[in-house]
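All remarks here apply to the structure that follows.
Here it is, written out as structure tokens:
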């Protein structure tokens, strides 16, 4: 499929740009920190896992290191959080067992908007 090949080549070209991985790492760290602080401010226990530009917020106070610890998360509360975020125009994975992915298209303003939305969403839980 020529369209898929063209998209793949364009992606690889973007990823070869100087500093792209550093930028993704910084934005992902800022997003995780902002969501974590919003949860803490609202008294909601969460644990975040993150590597590179992939992250997940689990609604559980303890560390998540495998399936057994992940499945102890509060999926109902995550579902409520997901819908509150969606109402504010922030599209997250519909399950906390899936990762969120940042891309080069996500700006600092997108991260700030997402963190503000998380503050609002946590207040409603």
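In the working numbering, the protein residues as written are 23 to 147.
Cβ coordinates follow ideal geometry from the N, Cα and C atoms, glycine included.
In this text, all values refer to a predicted model and were calculated from it rather than measured experimentally.
Inter-residue spacing [alpha-carbon to alpha-carbon] between residue 104 and residue 80:
12 Å
When DSSP builds the beta bridges, which residues end up paired with residue 123?
76
What's the call for residue 28, buried or exposed, on a 16-neighbour Cβ count within 10 Å?
exposed
Kindly indicate the opening and closing residues of the alpha helix (DSSP H) around residue 108.
97-109
Can you give the Cα-Cα distance for residue 131 and residue 93, rounded to whole angstroms?
33 Å
Beta-carbon contacts of residue 119 that lie in its chain and below 7 Å, excluding the five residues immediately before and after
92
Would you mind stating whether residue 53 and residue 99 have Cβ atoms separated by less than 8 Å?
no
If you compare alpha carbons, which of 138, 134, 126, 136 is closest to residue 40?
126
Of the residues 51, 76, 68, which one's Cα is nearest the Cα of residue 82?
68
Please report the distance separating the alpha-carbon of residue 61 from that of residue 90.
23 Å
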